[in-house]
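K.L.:
Protein chains: 2
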Amino acid sequence: MSRPPRVTDLQIDEAARAVFLAQGPSAPLQDIAKRLGISQPALLHRVGTKEALMSRALRPVPPTALALLEPGPRDNTPIEDQLLEALLHHRDFLRQLVPGLFVLHYSALGGARALHLDTPPPVALREGLTKWLTRAKRSGRVALTEPRAAAEALCGALEARCFNAHVGGSTYAPGDDKAVLRQLIRVLLTPGEAPARKPQKRTAR
Amino acid sequence: MSRPPRVTDLQIDEAARAVFLAQGPSAPLQDIAKRLGISQPALLHRVGTKEALMSRALRPVPPTALALLEPGPRDNTPIEDQLLEALLHHRDFLRQLVPGLFVLHYSALGGARALHLDTPPPVALREGLTKWLTRAKRSGRVALTEPRAAAEALCGALEARCFNAHVGGSTYAPGDDKAVLRQLIRVLLTPGEAPARKPQKRTAR
Numbered sequence: 023m024s025r026p027p028r029v030t031d032l033q034i035d036e037a038a039r040a041v042f043l044a045q046g047p048s049a050p051l052q053d054i055a056k057r058l059g060i061s062q063p064a065l066l067h068r069v070g071t072k073e074a075l076m077s078r079a080l081r082p083v084p085p086t087a088l089a090l091l092e093p094g095p096r097d098n099t100p101i102e103d104q105l106l107e108a109l110l111h112h113r114d115f116l117r118q119l120v121p122g123l124f125v126l127h128y129s130a131l132g133g134a135r136a137l138h139l140d141t142p143p144p145v146a147l148r149e150g151l152t153k154w155l156t157r158a159k160r161s162g163r164v165a166l167t168e169p170r171a172a173a174e175a176l177c178g179a180l181e182a183r184c185f186n187a188h189v190g191g192s193t194y195a196p197g198d199d200k201a202v203l204r205q206l207i208r209v210l211l212t213p214g215e216a217p218a219r220k221p222q223k224r225t226a227r
Numbered sequence: 023m024s025r026p027p028r029v030t031d032l033q034i035d036e037a038a039r040a041v042f043l044a045q046g047p048s049a050p051l052q053d054i055a056k057r058l059g060i061s062q063p064a065l066l067h068r069v070g071t072k073e074a075l076m077s078r079a080l081r082p083v084p085p086t087a088l089a090l091l092e093p094g095p096r097d098n099t100p101i102e103d104q105l106l107e108a109l110l111h112h113r114d115f116l117r118q119l120v121p122g123l124f125v126l127h128y129s130a131l132g133g134a135r136a137l138h139l140d141t142p143p144p145v146a147l148r149e150g151l152t153k154w155l156t157r158a159k160r161s162g163r164v165a166l167t168e169p170r171a172a173a174e175a176l177c178g179a180l181e182a183r184c185f186n187a188h189v190g191g192s193t194y195a196p197g198d199d200k201a202v203l204r205q206l207i208r209v210l211l212t213p214g215e216a217p218a219r220k221p222q223k224r225t226a227r
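Going down the list, the sequences are from chains A and B. For the first sequence, the working numbering gives the first residue as 23, with consecutive numbering after it. For the second sequence, the working numbering gives the first residue as 23, with consecutive numbering after it.
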C-alpha cells in the first residue's frame, strides 16, 4: 500500500468544522477521517483527542473587526459609512462564529468557557468600538453623550440578529442587516456641528 | 405489583427539561424516566417520541413581557422605570428560554424552526415594544425619533447579553443588566418637554 497523501492541519480543521457544524458535537470522528481520506487512528494520531480537534476547529478567535476599528475614524469617509463597514464586517465574522458556539456548548469542553481567551470576544468588540466612537466624538465629527452605551446598543443589536437568525432562520431577524444598523447609527449618533474639517493633530490613515 | 403513581404532564415536562438542559439533545430517555420513577416504555407511551417530548418540554413560548407592554405606558410611574421593569422581566424569561434553544438546535427537530410559532418571539417583542414606545412618544412623555430603532437597540442589547452569558458565562456579559439597560434607555429616550401631566383620554392602569 502506498503512503497516503499527507493532509495539512488546515484541511483537518476545515473537515472537522464542516462535520461538527452539520452533525453537532456527537458527530463521529470516523466521518471526519473519511472526508479527509485517512483512517480514524491516523486522524487521532494527528489531533490527540476528539475534544482537542473540536476545540481547535471551532475555537472562537478575537473579532477581526478590532483591527478595522483600531486606527480610529478616517478623515476621508463619513463616520456613518465607516461604522457600517466595521459592523457588517463583524456581522460576517459572527455568522461564521455562532454555529460553532452552539456545537461547543454541548461538547465535553463545556463551551466557550473552556477556551481561555484573555478578553471575551463580545467584550473586546465593545471596548474597541467605544474607543473608536470616543475618538469620533473628540474630533467633533459626531455628537453622542455616551460612547459606551452606543457601542453596547450597536454590538448587542448585531449579535442578537446573528444569534436569532441562527436559532430560528431569517424570519427571526427580519429585514436587512445593513438597513437596521444604519437606522440605529442615525438614532445613536448625530453628526457633529463642526463637520471635521478642522485640521487633525495626528495623521489619519 | 401495585399500580405506579401517575405522573402529571407538567412533571414529565419539568423532568425532561432538566435532563435535556443538563445533558443536551443526546440525553437518554431512560434518565428522564428514572427521574420520574416510571419505566422508559411507560414514558414513551405518554409522550409518543423523544422528539415530541423535547419539543413540548423546551418549546419557545411567546414572551410574557408582551402582556406587560400591551396596555401601554401607565400614568403614575416614570417611563424609564416602566421600561426597565418590562426589560428585566424579559431578561428573566430569556434566561429560561436560551438554554433550551441551544438544546433544540441540535435535536432531530432542527431547532426552533420546527416549532411553528406564528410570530417569532424576538419579532413579537420588538413589535410590542415599538407600540409601547410609540404611545409614550404620542403622550408627550418621551422624545424619540424612531421607536422601532429604539426597540431594536433595547431588545438586541438584552438578547445579546443573555446569549453571551449563556455561551461564555458572566465574563461574556460583564456588569449589571439593570445598569446597562438604564444607561441605554437614557441614551435612546429623552424625557418629553411636556412631562405627561396633561389629562389622558383613556384610564391608565
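C-beta atoms are modelled at their ideal positions from N, C-alpha and C, and glycine is treated no differently. From a predicted model like this one, the values you see are computed outputs, not experimental measurements.
1. Give me the Cα-Cα distance between B:GLU171 and A:PRO95, rounded to the nearest whole angstrom.
2. Taking the alpha helix (DSSP H) that B:VAL125 belongs to, which residues open and close that run?
3. Starting from B:PRO144, trace the alpha helix (DSSP H) in both directions and tell me its first and last residue.
4. Suppose the cutoff is 6 Å on Cβ atoms and the five residues either side in sequence are ignored; what does the same chain contact list for B:GLN118 look like?
5. Could you run through the segment 118 to 130 of chain B and flag, in chain order, every residue whose CB is less than 8 Å away from some CB of chain A?
6. Mapping DSSP to helix, strand and coil, what is B:PRO167?
7. Check B:THR193 in the structure and name its three-state DSSP category.
8. To be precise: take each residue of the segment 191 to 210 of chain A, compare its Cβ to all Cβ atoms of chain B, and keep it if any distance is under 8 Å. Which residues remain?
9. How long is the line joining the alpha carbons of A:PRO47 and B:ALA44, rounded to whole angstroms?
10. Helix or strand or just coil, what does DSSP make of A:GLN222?
11. For the segment 29 to 38 of chain B and the segment 57 to 71 of chain B, state whether three or more C-beta atom pairs, one from each stretch, are separated by less than 8 Å.
12. Using a Cβ-Cβ cutoff of 8 Å, what residues of the segment 43 to 63 of chain A are near chain B? List them in chain order.
13. In or out: A:ASN186 buried (at least 16 other Cβ within 10 Å) or exposed?
14. Tell me the rounded alpha-carbon separation between A:VAL120 and B:VAL69.
15. Check whether the Cβ atoms of B:PRO85 and B:LEU166 sit closer than 8 Å, and answer yes or no.
16. Check the C-beta distance from B:ALA158 over to B:VAL164 and give it rounded, since I have them as a contact under 8 Å.
17. Three-state secondary structure (DSSP) at A:ARG39?
18. Please name the residue in B:ILE60, B:ILE207, B:GLY190 whose C-alpha comes closest to that of A:PRO142.
19. Whole angstroms is fine: what's the gap from A:ALA226's alpha carbon to B:ALA201's?
P.N.:
With the structure as the only source:
1. A small fix is needed here, since residue 171 of chain B is Ala in this sequence, not Glu. Those two C-alpha atoms are separated by around 24 Å.
2. 101 to 127
3. 143 to 160
4. none
5. LEU123, PHE124, VAL125, HIS127, TYR128
6. It is Thr, not Pro, that sits at residue 167 of chain B in the sequence shown. Residue state, collapsed to three classes: coil.
7. helix
8. GLY191, THR193, TYR194, ALA195, PRO196, VAL202, GLN205, LEU206, ARG208, VAL209, LEU210
9. 15 Å
10. Because A:GLN222 carries a pLDDT of 47, less than 50, the predicted location of this residue cannot be relied on, and the following value inherits that uncertainty. Coil.
11. yes
12. GLY46, PRO47, SER48
13. buried
14. 32 Å
15. no
16. 5 Å
17. helix
18. B:GLY190
19. Confidence in A:ALA226 is poor, its pLDDT being 46 and thus under 50, which makes the residue's placement too unreliable to answer from.
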